[in-house]
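Numbering (numbering that gives the first Met the number 0), first residue to last: 0 to 545. In this text, a Cβ means the ideal position worked out from N, Cα and C, and glycines have one as well.
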Amino acid sequence: MLNGLMMDVPLSIPRIMDYAASVHPDTRIISAAVEGGLHEYSYAEAYPRIGQLAHGLVAMGVKPGDRVATLAWNGYRHFELYYAVAGIGAVCHTINPRLFPDQIVYIANHADDRVLCFDLTFLPLVAALAPRLPAGIKLVLLTDRAHVPSEHGLEGLLIYEDLLAGQPTHYDWPDLPETTASSLCYTSGTTGEPKGALYSHRSNVLHSMGAILATPDCYGTNSRILPVVPLFHVNAWGLPYSAPLSGTDLVFPGPKLDGASLFTLMDEQRVTNAWGVPTIWGGLLAAMRAAGRKPAALSIVGIGGAAAPKSMIDAFERDFGIAVNHGWGMTELSPIGAVSREPRSKQTVDQRIEARQSQGKRTYGIEMKIVDDAGRRLPHDGVASGELLVRGGFVISGYYNNEKASAAAFDSDGWFRTGDVARITPQGDLIIMDRTKDLIKSGGEWISSIVIENLALSCPGVAQAAAIALPHPRWDERPLLVIVRAEGSEVTREAVLAHVAEAIARWQVPDDVMFIEALPMTATGKISKLDLRKRFADYQFPSDSA
Ligand code: AMP
0 MLNGLMMDVP
10 LSIPRIMDYA
20 ASVHPDTRII
30 SAAVEGGLHE
40 YSYAEAYPRI
50 GQLAHGLVAM
60 GVKPGDRVAT
70 LAWNGYRHFE
80 LYYAVAGIGA
90 VCHTINPRLF
100 PDQIVYIANH
110 ADDRVLCFDL
120 TFLPLVAALA
130 PRLPAGIKLV
140 LLTDRAHVPS
150 EHGLEGLLIY
160 EDLLAGQPTH
170 YDWPDLPETT
180 ASSLCYTSGT
190 TGEPKGALYS
200 HRSNVLHSMG
210 AILATPDCYG
220 TNSRILPVVP
230 LFHVNAWGLP
240 YSAPLSGTDL
250 VFPGPKLDGA
260 SLFTLMDEQR
270 VTNAWGVPTI
280 WGGLLAAMRA
290 AGRKPAALSI
300 VGIGGAAAPK
310 SMIDAFERDF
320 GIAVNHGWGM
330 TELSPIGAVS
340 REPRSKQTVD
350 QRIEARQSQG
360 KRTYGIEMKI
370 VDDAGRRLPH
380 DGVASGELLV
390 RGGFVISGYY
400 NNEKASAAAF
410 DSDGWFRTGD
420 VARITPQGDL
430 IIMDRTKDLI
440 KSGGEWISSI
450 VIENLALSCP
460 GVAQAAAIAL
470 PHPRWDERPL
480 LVIVRAEGSE
490 VTREAVLAHV
500 AEAIARWQVP
510 DDVMFIEALP
520 MTATGKISKL
530 DLRKRFADYQ
540 FPSDSA
């Protein structure tokens, strides 16, 4: 083998901002601040603050490899932490504040966080949890002195802006090996304890480049992205890195994520594209319908984290002329694994809506295979479905300090088992059928809950839908459809079932429909099937069932 004669310069997170500050100095970062009002600055102005923060962290004793945790909304200070913490060789550990307090305590202790930086919103939460956090942890409030409440009860509380004040603006970023850990994010732990994905400088840079290549329309100096997807989970789909790399403006929405607030912020700030989970877009669509228009400059929405319902894709594409990018990903994949990218200009609106029901094509840097129960590869013929496994430079190679979970997560060739069941078409389109544990196994045949939910959501009067498997004396499991009616609707069980029955085989049609007020959600904004299964654990199917 002959080695290439090229420089071995490590891929590095702070060098992304170094690049952005010099090549895209005027590109904007606008934040709806937790303290109220808007904060706005440029990449050229953000970079020296990141340098000051790096000095401040070192001055307070943060060492390479230390975990610096965050409990914070999408905003400029959280963004600065992403860079400064990784830049000094420490690990930015983003914690999801929507997790149960016990899970937050578990995660902080499992990671052995040395510092916790948190927004004003989370003062009461941190005050309540403080005695159970790792011994000696330093607490930093993400605000300035003027906004610190007089009574906070936290001994030794540090103030973020004080850490930066007076520090030099230039930091001499060390040339860390590119495999150095940069950041840590735990899965939402819907089954068992949360598990940590420990990213590296290299994996994050590779992921950002893969993401930009996958949806180039989203990025660039004419684009302004609003990540509703949080910095506290799955790296806001890599946007804190891919936006600076590509010179894209960022608009951080802060704590207000309801449809009306998002509409106003997007409208006033002329946001061109916005990314988030389906539940968020339900709220925005309602605000758009109320206003009778879309936010002025909005032309693309990225939907992922859970299947984008056809009715939602239809509403964006047909009613408002907004392009939908449907993507699939996981915490363990940094997270973007696939995203839609058909040439929209060559498609009719019906073709676009149809095409966007698939989760798109794989990102550069990700390889995919689907396998049967014995681990044998299945063809990518659009028909065979099996567990989806992936490998690539931004896929985890193990969970952080968790040998048991790591041992179960890979096949004998080292591919990561996603726990999702999928089909892949000959053109490379990924179609996610379900989570393995959410599939409904009826009489030896599998029923996809996503297919049933999509059909139910296209029935007039249905606002939200979830199909769950419940035990059945004859068929092992049968589907129960749980529906939240749209406001003012009186849609009936019979109407919903008749609508669903129009498009699938009779044996796949749910046996019954239950109407409830609201669906339980997970900390990452997905429908919690686990909670639904618990809630309906005592349910008995009607005697004429299936
Ligand atoms: P998380 O690690 O919280 O991002 O959750 C990852 C899981 O979300 C995946 O394994 C899928 O089950 C699910 N998921 C993400 N995106 C999609 C999508 N577009 N369609 C269906 N399921 C999705």
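Restricting to Cα atoms, I'd like to know which of the options is closest to residue i.
i: S21; options: A45, I29, L256; result: A45
i: R534; options: L469, T491, I352, V147; result: L469
i: S199; options: Y218, V382, G237; result: G237
i: Y363; options: T347, V370, R390; result: R390
i: P215; options: L256, E341, A180, H151; result: E341
i: P47; options: T247, Y170, E150, P63; result: Y170
i: D372; options: K345, Q358, V420; result: V420
i: I451; options: S298, I503, R434; result: I503
i: G36; options: E267, I446, L297; result: E267
i: E34; options: D143, P130, A500; result: D143
i: H325; options: W445, L119, I431, E150; result: I431
i: M329; options: Q358, S344, Q350, A273; result: Q358
i: L547; options: T435, Q350, D7; result: Residue coverage of the chain in this structure runs from 0 to 545, which leaves residue 547 outside it and unanswerable.
i: M208; options: S241, L225, E177; result: S241
i: A273; options: V348, T263, I224, G281; result: I224
i: G301; options: V495, I526, G155, T271; result: T271
i: D248; options: D257, M265, P294, K255; result: M265
i: F319; options: I279, C217, R288; result: R288
i: G559; options: W280, G291, P294; result: Outside the displayed span of the chain (0 to 545) sits residue 559, for which this structure offers no information.
i: A43; options: G64, P63, M16; result: M16
i: F550; options: P100, Y105, R131; result: This structure gives no information on residue 550, because the portion of the chain shown stretches from 0 to 545.
i: G327; options: A210, P378, D161; result: The sequence shown places Trp at residue 327, not Gly. Measuring from the Cα of W327, the nearest candidate turns out to be A210.
i: L119; options: R131, L212, R76; result: R76
i: K360; options: I423, F409, D349, G418; result: I423
i: T69; options: R201, H232, H23; result: H232
i: V382; options: V348, E154, P425, P24; result: P425
i: A497; options: Q539, R532, C458; result: C458
If residue i sits next to residue j, beta carbons under 8 Å apart, how far is it from one beta carbon to the other, in whole angstroms?
i: F117; j: A71; result: 6 Å
i: L140; j: Y159; result: 6 Å
i: A89; j: L56; result: 7 Å
i: A500; j: V508; result: 5 Å
i: A259; j: A286; result: 5 Å
i: K293; j: I321; result: 6 Å
Taking the DSSP output, what are the residues bridged to residue i?
i: A465; result: V481
i: G326; result: V338
i: Y185; result: G195
i: K293; result: According to DSSP, which records beta bridges pairwise, K293 is partnered with nothing at all.
i: S30; result: H38, F251
i: M367; result: V389
i: M520; result: I526
i: G275; result: I302
i: D419; result: R434
Excluding the five sequence neighbours on either side, which residues of its own chain have a C-beta within less than 7 Å of the C-beta of residue i, listed in chain order?
i: K194; result: Y185, T186, Y398, N401, A404
i: E331; result: A196, V394, I395, F415
i: I103; result: I94, L128
i: P609; result: With the chain covering only 0 through 545, there is no way to say anything about residue 609.
i: G152; result: A126
i: R376; result: K368, V370
i: P239; result: F78, Y81, L230
Please go through the same chain and pick out, in chain order, the residues whose beta-carbon is closer than 6 Å to the beta-carbon of residue i, but skip the five residues on each side of it.
i: I352; result: I312, D313, E316
i: Q356; result: K309
i: L98; result: A522
i: H206; result: G237, S333, F393
i: D475; result: K440
i: G275; result: V227, V228
i: A306; result: I449
i: L261; result: L283
i: G524; result: V276, T278
i: L454; result: V499, A502
i: P519; result: S527, D530
i: R492; result: V512
Excluding the 5 residues flanking residue i on each side, which residues of the same chain have their C-beta closer than 8 Å to its C-beta?
i: E39; result: R27, I28, I29, S30
i: Y18; result: P243, L244
i: P167; result: G50, Q51, H54
i: E516; result: V483
Compare the C-beta of residue i with all C-beta atoms of chain B and state if any pair is closer than 7 Å.
i: L256; result: Annotation note: the requested chain B is absent from the structure, which comprises a single protein chain.
Is the number of C-beta pairs between the stretch 103 to 113 and the stretch 131 to 143 that are closer than 8 Å three or more? In this structure the stretch 103 to 113 lies against the stretch 131 to 143, because at least three pairs of beta carbons, one per stretch, are closer than 8 Å.
Contact between the stretch 170 to 185 and the stretch 335 to 350 is defined here as three or more beta-carbon pairs at a separation below 8 Å; is this criterion met? When Cβ pairs closer than 8 Å are counted between the two stretches, the stretch 170 to 185 is seen not to touch the stretch 335 to 350, the count staying below three.
Decide yes or no for the touch test of the stretch 476 to 492 against the stretch 509 to 520: beta carbon pairs closer than 8 Å, at least 3 of them. The stretch 509 to 520 and the stretch 476 to 492 touch, with three or more beta-carbon pairs separated by less than 8 Å.
Taking contact to mean 3 or more Cβ pairs, one atom from each stretch, closer than 8 Å, check whether the stretch 85 to 101 and the stretch 7 to 19 are in contact. Here the stretch 85 to 101 makes contact with the stretch 7 to 19; the two share three or more CB pairs at distances below 8 Å.
Below 8 Å, can you find three or more Cβ-Cβ pairs linking the stretch 481 to 498 to the stretch 458 to 472? For the pair of segments examined, the stretch 481 to 498 was found to touch the stretch 458 to 472: the number of CB pairs separated by less than 8 Å reaches three.
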